[in-house]
Structure formats: C-alpha cells, structure tokens
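K.L.:
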Amino acid sequence: MGHVYAVCESEVTIAVEAAAAAAAVLRRVGREVLSETGKDIKSQADLDAEAALLEVLRPTGLPILSEEMGADANFTLDRDGWIIDPLDGTMNFLRGIPISCTCVGLWRDGRPVLGVIHEIGRERAWVGGEGLPTTCNGQPTRCGEAETPASAVLATGFPRCFDFGDDSLSAYSRRMSAYKKIRMIGCAGLSLAWTAGGMMDLYLEEDIFLWDVAAGIALVNAAGGHTHFTPPDPQWRTSVTAGSEPLVAIEAR
Numbered sequence: 003m004g005h006v007y008a009v010c011e012s013e014v015t016i017a018v019e020a021a022a023a024a025a026a027v028l029r030r031v032g033r034e035v036l037s038e039t040g041k042d043i044k045s046q047a048d049l050d051a052e053a054a055l056l057e058v059l060r061p062t063g064l065p066i067l068s069e070e071m072g073a074d075a076n077f078t079l080d081r082d083g084w085i086i087d088p089l090d091g092t093m094n095f096l097r098g099i100p101i102s103c104t105c106v107g108l109w110r111d112g113r114p115v116l117g118v119i120h121e122i123g124r125e126r127a128w129v130g131g132e133g134l135p136t137t138c139n140g141q142p143t144r145c146g147e148a149e150t151p152a153s154a155v156l157a158t159g160f161p162r163c164f165d166f167g168d169d170s171l172s173a174y175s176r177r178m179s180a181y182k183k184i185r186m187i188g189c190a191g192l193s194l195a196w197t198a199g200g201m202m203d204l205y206l207e208e209d210i211f212l213w214d215v216a217a218g219i220a221l222v223n224a225a226g227g228h229t230h231f232t233p234p235d236p237q238w239r240t241s242v243t244a245g246s247e248p249l250v251a252i253e254a255r
C-alpha cells in the first residue's frame with residue numbers, strides 16, 4: 003500500500019456521524035415508494051437518508067458520489083471524495099426485512115480507504131479503514147480464513163443489470179456450485195460487512211455499483227481480508243471479490 007495511515011481521526015468521526023444521522027432518519031420514516039423502473043425501486047426513505055448524509059458531509063468540501071443524486075460535477079476517481087449509499091437494501095427495508103444499511107465510504111488514491119456501514123435493523127455500526135482495524139460497535143472483527151470454496155460460505159447476489167440469459171445463468175451456476183453454502187441477502191453493503199466480521203467467507207458480485215461496495219471494501223481490507231475490484235465503468239459499475247486471501251486468489255485465476 004502507498005500509505006499506512008490514509009485516514010485521519012476527523013474523517014472517521016464525520017463518516018460515523020453521517021451514517022448515524024442517516025440511520026436515525028431511516029428508523030422513523032415511512033415506506034413510501036416513489037418510482038419503480040424494471041428491477042430498480044426508489045423510496046422517499048432513500049431521499050430522506052441522503053439529505054441527512056449530505057448535511058454532515060457537505061461541510062468537508064469533498065465531492066460526493068451518491069446512488070440517489072449521482073456524482074458531483076467535480077467528483078472523479080483520481081481525487082478524494084465520499085461515496086455513499088443512503089439506503090442499501092431498499093426492497094428489504096420496504097418489506098420490513100431487517101437487512102438494510104447506510105454506507106459511507108471515503109475514496110483516496112484510487113481506492114476506498116475508509117468505510118462506515120450502519121445496520122438499520124440491528125443497530126450495529128461497522129467502522130474500518132487503512133490504519134484503523136475494523137470494529138462492530140467497538141468490538142474488533144476479523145475476516146474468516148477459509149482456504150477452499152468447498153469449506154466456504156459465499157455472499158453474492160444478482161445486480162439489477164444482471165443478464166438472465168441461459169449462457170450467463172449456466173456460467174454463474176457452475177461458478178457458485180463450488181461453494182459449501184451460498185447466501186443472497188439483498189444488501190451488498192451488509193454482505194461485505196458480514197464478510198469483514200467472519201460470518202461470510204467471500205463476497206463476489208459482478209456489475210455492482212460503486213456506492214454499494216466502496217465502504218464494504220474498506221471494511222474487509224481493514225479486517226485482514228483481501229479485495230479485488232475492477233476499474234469502475236462510466237456508470238460506476240464494478241466487479242468485486244472480497245474475503246479471505248486464498249479465496250480471493252482462487253477467484254482471480
């Protein structure tokens with residue numbers, strides 16, 4: 003790594019404050035659906051949580067990439083910036099399934115260097131970054147150490163733009179069949195946080211949006227795991243592998 007300590011205490015404090023503010027909003031708002039397009043759904047809760055995040059993050063002066071508003075005009079991947087998902091797991095949230103979260107990531111030097119993920123249903127805050135080992139509600143966490151897919155629990159999902167054609171599904175099923183168990187929880191942020199906590203051994207997803215995974219990538223790295231992600235495309239989509247070093251190496255072959 004280029005830097006051992008890439009984040010400062012004030013940045014951690016701000017990210018934690020922002021995520022907590024959004025989570026507080028999500029605990030009290032309704033479940034009004036604003037729009038549905040294909041497999042995508044937007045709710046008033048997404049917008050209200052975003053407003054809470056922006057209120058805390060805007061004073062830092064860093065540009066922001068958010069799922070709801072998109073990217074600030076001056077947001078680029080070659081400079082510092084916040085990457086946020088106000089409500090990850092919107093469908094879970096709207097259906098009363100307690101698996102959703104707010105994600106706040108800090109991007110620096112071409113990678114996520116800080117992640118804060120606040121679970122809405124369980125009131126757990128995951129915090130970690132470069133020079134800041136991952137914790138969950140203040141307790142240290144570590145990635146699992148599974149060495150083979152046959153012994154591993156894999157977290158994955160179908161992103162909204164997934165190709166459900168026969169060839170794509172066949173290739174996907176062959177890849178997944180190597181793992182002991184598969185978990186699809188409908189929330190990329192928590193899939194990564196739970197990987198950082200050792201509950202999952204590997205997170206793997208293709209064509210996922212950067213705001214869904216930036217914070218979680220930082221958490222996995224700071225929990226002793228390894229990550230690999232492809233350069234985001236113009237729509238901010240990337241493919242991510244994160245978890246124990248042996249499993250990431252196997253998937254990278």
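For reference, each letter of the sequence shown is one residue, going 3 to 255 in the numbering used here.
The beta-carbon is built from N, C-alpha and C at its ideal position, and this holds for glycine as well.
Does the CB of Ala-22 have a neighbour CB from chain D at under 7 angstroms?
P.N.:
Chain labels in this structure do not include chain D; a single protein chain is all it has.
K.L.:
Straight-line CA distance for Arg-162 to Thr-197?
P.N.:
In the sequence shown, residue 162 corresponds to position 160, counting from 1. In the sequence shown, residue 197 corresponds to position 195, counting from 1. So the alpha carbons of these two residues sit roughly 22 angstroms apart.
K.L.:
Here's the rule I'm using: 16 or more other beta-carbon atoms within 10 Å means buried, otherwise exposed. How should Asn-139 be labelled?
P.N.:
Walking along the sequence shown from the start, residue 139 turns up at place 137. It is exposed - the Cβ of Asn-139 has fewer than 16 other Cβ atoms within 10 Å.
K.L.:
Can you give me the C-alpha to C-alpha distance between Ile-85 and Leu-204, rounded to a whole angstrom?
P.N.:
For this step, residue 85 is matched to residue 83 along the sequence shown. For this step, residue 204 is matched to residue 202 along the sequence shown. Rounded to the nearest angstrom, the two C-alpha atoms are 22 angstroms apart.
K.L.:
In the DSSP assignment, the beta strand (DSSP E) including Ile-101 goes from what residue to what residue?
P.N.:
As a position in the sequence shown, residue 101 is number 99, starting the count at 1. Counting along the chain, Ile-101 falls outside any beta strand (DSSP E), and DSSP gives it neither H nor E.
K.L.:
Where Ala-8 and Gly-199 are concerned, what is the direct C-alpha to C-alpha distance, given to the nearest angstrom?
P.N.:
Start at 1 with the first residue of the sequence shown, and residue 8 comes out as number 6. Start at 1 with the first residue of the sequence shown, and residue 199 comes out as number 197. Looking at the two C-alpha atoms, the distance is approximately 22 angstroms.
K.L.:
Between Leu-36 and the rest of its own chain, which residues show a CB-CB distance below 7 angstroms, the 5 nearest in sequence each way excluded?
P.N.:
For the purposes of this step, residue 36 is taken as residue 34 along the sequence shown, with counting starting at 1. Same-chain partners within the cutoff: Lys-44, Ser-45 and Gln-46.
K.L.:
Go ahead and label Pro-88 buried or exposed: buried means 16 or more other beta carbons lie within 10 angstroms of its beta carbon, across all protein chains shown.
P.N.:
Counting from 1 along the sequence shown, the entry for residue 88 is found at position 86. Burial call: buried.
K.L.:
Nearest-angstrom Cα distance between Asn-94 and Ala-190?
P.N.:
Within the sequence shown, residue 94 is the residue found at index 92, counting from 1. Within the sequence shown, residue 190 is the residue found at index 188, counting from 1. Cα to Cα, Asn-94 sits roughly 12 angstroms from Ala-190.
K.L.:
Give, in chain order, every unbroken run of the beta strand (DSSP E) that is at least 3 residues long and sits entirely within the stretch 11 to 43.
P.N.:
Listed in chain order, they are 35 to 39.
K.L.:
Have a look at Lys-183, Gly-188, Val-215 and Cys-103 and flag the residue whose alpha-carbon is nearest the alpha-carbon of Leu-194.
P.N.:
Stepping through the sequence shown from its first residue, residue 194 is reached at position 192. Cα-wise, what sits closest to Leu-194 is Val-215.
K.L.:
Below 7 angstroms between beta carbons: does that hold for Ala-21 and Val-155?
P.N.:
Counting from one through the sequence shown, the residue named residue 21 turns up at place 19. Counting from one through the sequence shown, the residue named residue 155 turns up at place 153. Their beta carbons are not under 7 angstroms apart, which means Ala-21 does not touch Val-155 by this criterion.
K.L.:
With distances taken from CA atoms, which of Val-250, Met-71, Ser-175 and Leu-108 is nearest Gly-130?
P.N.:
Residue mapping note: residue 130 aligns to position 128 of the sequence shown, counting from 1. Ranking Val-250, Met-71, Ser-175 and Leu-108 by Cα distance to Gly-130 puts Leu-108 first.
K.L.:
Quick one: Cα of His-228 to Cα of Arg-33, how far?
P.N.:
Position 226 of the sequence shown holds residue 228. Position 31 of the sequence shown holds residue 33. Looking at the two C-alpha atoms, the distance is approximately 36 angstroms.
K.L.:
Alpha carbon to alpha carbon, what distance is there between Leu-56 and Leu-28?
P.N.:
Here residue 28 refers to the residue found at position 26 of the sequence shown. Here residue 56 refers to the residue found at position 54 of the sequence shown. If I take the Cα positions, the gap works out to 15 angstroms.
K.L.:
Please return the same chain residues whose Cβ sits closer than 8 angstroms to the Cβ of Leu-49, not counting the five positions on each side in sequence.
P.N.:
By 1-based counting over the sequence shown, the position of residue 49 is 47. These residues qualify, in order along the chain: Leu-36, Glu-70 and Pro-88.
K.L.:
Which parts of the stretch 165 to 202 are runs of the alpha helix (DSSP H), unbroken and 4 residues or longer, counting only runs that do not cross its ends?
P.N.:
As far as the stretch 165 to 202 is concerned, its whole alpha helix (DSSP H) runs of at least 4 residues are 168 to 178 and 190 to 198.
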